[in-house]
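**Student:** For reference, the structure I am asking about is given below.
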Amino acid sequence: MRALSRDEKKRIIKASGGSKEHILSILLALQKSSEQGLIDEDTIRLVSEMTGFTILRIKEIIHFYAMFNQSQEACHVIKICRSNPCSLGREEDIAGILFSLLGIKVGEVTEDGQFSLKYMPCAGACDIGPVVQIGDELYGDLTREKLESMIAQLNLASSKEAVK
Amino acid sequence: MNTNKNILLRGRGDIDPLSIQAYVAAGGFTALRKVSEMKAQEVIEKIMASGVKGRGGAEYPVGKKWLLIKQENKENYIVCNADEGEAGAFKDRELLTYVPLRVIEGMLIAAYTLTSKKGYIYLRGEYLKIYEMLKNIIAKVKNNGYFPKGFEIEVIVGAGAYICGEETALISSIENGIGEPSLKPPYPTQRGLYGLPTLINNVETFACIPGIMNGEGADTKLIALSGMVRNRGVFEISLDRYSVDDMINSNQFGKGSVNGEAVQFVQLGGQSGSLMFPEQMHIPYGYKWMRMAGIGIGSGAITVYSGRVSIVEYCRNVIEFFTMESCGKCSTCRIGLSYIAYLLNRLCCGNGNEGDVERIDAVAGQISQLAFCGLGKGAVNVLCSALRHRREQFLICEKDRSYFDKELSGRYI
Numbered sequence: 025m026r027a028l029s030r031d032e033k034k035r036i037i038k039a040s041g042g043s044k045e046h047i048l049s050i051l052l053a054l055q056k057s058s059e060q061g062l063i064d065e066d067t068i069r070l071v072s073e074m075t076g077f078t079i080l081r082i083k084e085i086i087h088f089y090a091m092f093n094q095s096q097e098a099c100h101v102i103k104i105c106r107s108n109p110c111s112l113g114r115e116e117d118i119a120g121i122l123f124s125l126l127g128i129k130v131g132e133v134t135e136d137g138q139f140s141l142k143y144m145p146c147a148g149a150c151d152i153g154p155v156v157q158i159g160d161e162l163y164g165d166l167t168r169e170k171l172e173s174m175i176a177q178l179n180l181a182s183s184k185e186a187v188k
Numbered sequence: 217m218n219t220n221k222n223i224l225l226r227g228r229g230d231i232d233p234l235s236i237q238a239y240v241a242a243g244g245f246t247a248l249r250k251v252s253e254m255k256a257q258e259v260i261e262k263i264m265a266s267g268v269k270g271r272g273g274a275e276y277p278v279g280k281k282w283l284l285i286k287q288e289n290k291e292n293y294i295v296c297n298a299d300e301g302e303a304g305a306f307k308d309r310e311l312l313t314y315v316p317l318r319v320i321e322g323m324l325i326a327a328y329t330l331t332s333k334k335g336y337i338y339l340r341g342e343y344l345k346i347y348e349m350l351k352n353i354i355a356k357v358k359n360n361g362y363f364p365k366g367f368e369i370e371v372i373v374g375a376g377a378y379i380c381g382e383e384t385a386l387i388s389s390i391e392n393g394i395g396e397p398s399l400k401p402p403y404p405t406q407r408g409l410y411g412l413p414t415l416i417n418n419v420e421t422f423a424c425i426p427g428i429m430n431g432e433g434a435d436t437k438l439i440a441l442s443g444m445v446r447n448r449g450v451f452e453i454s455l456d457r458y459s460v461d462d463m464i465n466s467n468q469f470g471k472g473s474v475n476g477e478a479v480q481f482v483q484l485g486g487q488s489g490s491l492m493f494p495e496q497m498h499i500p501y502g503y504k505w506m507r508m509a510g511i512g513i514g515s516g517a518i519t520v521y522s523g524r525v526s527i528v529e530y531c532r533n534v535i536e537f538f539t540m541e542s543c544g545k546c547s548t549c550r551i552g553l554s555y556i557a558y559l560l561n562r563l564c565c566g567n568g569n570e571g572d573v574e575r576i577d578a579v580a581g582q583i584s585q586l587a588f589c590g591l592g593k594g595a596v597n598v599l600c601s602a603l604r605h606r607r608e609q610f611l612i613c614e615k616d617r618s619y620f621d622k623e624l625s626g627r628y629i
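Here the protein sequences come in this chain order: A and B.
Quick note, the first sequence lines up with residues 25 to 188 if you use this note's numbering.
Quick note, the second sequence lines up with residues 217 to 629 if you use this note's numbering.
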């Protein structure tokens, strides 16, 4: 993804409601379309101008909510639902399987920068637990086999992207 | 055979959730039409007579809440609380995905009755997929002329903060971005959003309203069944008719536990609910019976755990969750919970000290009395019920340091 111009950002802010009340959806939309998966200083300044929130307040908001990133993201961030219905409600130990498949622990990034692991609070999909979230997609009823093929597919997708 | 009433979820899977025609053909918006010809007082009386209680978990009588707003006799707001953050609860997601129009109809009935200025749906950030859909359907309903004059409904998304489900925190999140609870009273019914009286009801509560107006009553409840049961999902059940045991084992609902393993305990209402043990599972699932046994139904989540799960480890996970989600405003919750998490972790890793269980018990008691808002008070429910019914398991961990398989405990970092 390339960096957005100021006008593009303005358009996103307007499309997400534009006003103070919609600050969270504005920031979520900006984060999603940003190059590095996080909201930079310039963007914060623009949001501040357009919504009337102070820069400090916007930074506070970004720190307060779990869905905002504080640092640059890997290509594929795998968020493991850590809530009890997912992690203890079924037999599969998803976190353990991912540790062994990727060779990293939660909070780490693989050497090639492709994958990172994170915990997330309840995804609200306990009926298909255990679940992980990658991007906006939820993957449920996970088993070792499913995770293996999922990671293989994501690797394939990234290498195609690189060829382009 | 399904002999259960189907009021809240009627049409789930059969009708297109986004089609107003289909909803009207299935009897939708008849309640709204009735209400537009009724006096506000009559509507509120009807809701009060149904005895419906808030479905988010606090069980506050809905009719009374509406009456309080009406009595303020001022401009007011209505808010639909769809910040369903409890692990194990996903019934609101089901309603908003499959029958969003019933929820909107409930909100519109409130808007007519209370002559509200504006409505909000506060949707949790994890349900982003529902967000666009909701905005579209609201615009459609408005274009079809179902909205009272000048009224509009705005959808606000959260960004992953459990605390925003607490009503005062929810208000502060809409007003100034950050969800911090404030002291009650004044209750939101007196001074809520932007200082005006505000009706905050759960998604399911609003979905109950059309049924009540159509004379179908409000004696069904949605349950979200998850964990070690074969058939997980959202079901609508008649209150006082089934026990938790029935729900786990009946072919209508859970279809038994996975691998036939014995159920060790069940958590009701999500992470902030209390635990229920096999010896209590015959109690009929209804407000009165459960209250008598000292258990709350809460949001309707029922999560089943088998014998593989250690109850101490379970409590540790719950408390760690709340430690993370604590907004940090009051020290009771912020420091108390991290202290309990530290002690529980010590027990789980085989490093417990003598008296740790006593310490946990004492601090949990203090938090439940002194926490500023419902988050802290709810957080220790799990410990209070676990210690009341299964204290010996905590004591074993304290005494026998090799009790835990360290491999297993090390799973969480």
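Each residue gets a CB set at the ideal place from its N, CA and C atoms; glycine is no exception.
Keep in mind that this is a model prediction, so the values were computed, not measured.
Checking the sheet assignment: what are the DSSP bridge partners for Cys105/A?
**Tutor:** DSSP output for Cys105/A lists Met144/A as bridge partner(s).
**Student:** Could you tell me which of Ser526/B, Leu438/B, Gln582/B sits nearest to Leu553/B, measuring between CA atoms?
**Tutor:** The candidate whose alpha carbon is nearest that of Leu553/B is Gln582/B.
**Student:** Helix, strand or coil for Val520/B? Go by DSSP, reduced to three states.
**Tutor:** Three-state DSSP puts Val520/B in a strand.
**Student:** Please work out which residues of its chain come closer than 7 Å, Cβ to Cβ, to Ser266/B, disregarding the five sequence neighbours upstream and downstream, and give them in chain order.
**Tutor:** Once the five neighbours on either side are set aside, the close Cβ partners of Ser266/B are Ile428, Gly433, Ala434.
**Student:** Is DSSP giving Met508/B helix, strand or coil here?
**Tutor:** Residue state, collapsed to three classes: helix.
**Student:** Identify, in the order they occur along the chain, each residue of the same chain with its Cβ nearer than 8 Å to the Cβ of His87/A, setting aside the five sequence neighbours on each side.
**Tutor:** The residues are Gln94.
**Student:** Contact defined as beta carbons within less than 8 Å: I believe Tyr343/B pairs with Val371/B. What is the distance between those atoms, to the nearest angstrom?
**Tutor:** Their Cβ separation, rounded to whole angstroms, is 10 Å, which puts Tyr343/B and Val371/B out of contact at 8 Å.
**Student:** Indicate whether the contact test is met: 3 or more Cβ pairs, each with one atom in the region 515-523 of chain B and one in the region 438-454 of chain B, closer than 8 Å.
**Tutor:** Judged by Cβ distances under 8 Å, the region 515-523 of chain B makes contact with the region 438-454 of chain B, as three or more pairs qualify.
**Student:** Chain A beta carbons: is any one of them nearer than 9 Å to that of Ala517/B?
**Tutor:** Answer yes: the Cβ-Cβ gap between Ala517/B and chain A drops below 9 Å somewhere.
**Student:** Under 8 Å: do the region 72-80 of chain A and the region 500-511 of chain B share three or more Cβ pairs, one atom per stretch?
**Tutor:** No: fewer than three Cβ pairs fall under 8 Å.
**Student:** Less than 9 Å between CB atoms is the rule here; does Arg271/B satisfy it with respect to chain A?
**Tutor:** Output row for Arg271/B: interface = no.
**Student:** Measure the alpha-carbon distance for Ser252/B versus Ser454/B and round it to whole angstroms.
**Tutor:** Near 29 Å, if we compare the C-alpha coordinates of Ser454/B and Ser252/B.
**Student:** Can you list, in chain order, the residues of the region 520-534 of chain B whose Cβ is nearer than 7 Å to any Cβ on chain A?
**Tutor:** Here the close residues are Tyr521, Val525, Tyr530, Asn533, Val534.
**Student:** For the alpha helix (DSSP H) containing Glu65/A, name the first residue and the last one.
**Tutor:** From DSSP, the alpha helix (DSSP H) with Glu65/A extends over 65-75.
**Student:** Which chain B residues sit within Cβ distance under 8 Å of Glu65/A?
**Tutor:** Under the 8 Å cutoff, chain B gives no residues; its nearest Cβ is about 18 Å from Glu65/A.
**Student:** Going along the chain, which residues of its own chain have a beta-carbon closer than 7 Å to the beta-carbon of Val278/B, five neighbours each way excluded?
**Tutor:** Result list for Val278/B: Ile263, Val268, Lys269, Gly270, Asn417, Thr421, in chain order.
**Student:** Output the boundary residues of the alpha helix (DSSP H) element that contains Gln157/A.
**Tutor:** Run containing Gln157/A: none in the alpha helix (DSSP H); it sits in the beta strand (DSSP E), 156-158.
**Student:** Three-state secondary structure (DSSP) at Val482/B?
**Tutor:** In the structure shown, Val482/B sits in a strand (DSSP, three-state: E or B).
**Student:** How about Glu614/B: is its C-beta nearer than 9 Å to some C-beta of chain A?
**Tutor:** Answer no: the Cβ-Cβ gap between Glu614/B and chain A never drops below 9 Å.
**Student:** Roughly how many whole angstroms lie between the Cα atoms of Leu51/A and Asp66/A?
**Tutor:** So the alpha carbons of these two residues sit roughly 13 Å apart.
**Student:** Please confirm if Cys564/B has its CB atom under 9 Å from at least one CB of chain A.
**Tutor:** Not one chain A Cβ lies under 9 Å of Cys564/B.
**Student:** Round the Cβ separation of Ala303/B and Pro109/A to the nearest angstrom and send it over; I've been treating them as touching at under 8 Å.
**Tutor:** Sure, about 6 Å apart at Cβ, within 8 Å.
**Student:** Which of the three DSSP states is assigned to Phe139/A in this structure?
**Tutor:** In this structure, Phe139/A counts as strand in the three-state DSSP scheme.
**Student:** For Ser40/A and Ala377/B, I'd like the C-alpha separation in whole angstroms.
**Tutor:** Approximately 20 Å, taken between the alpha carbons.
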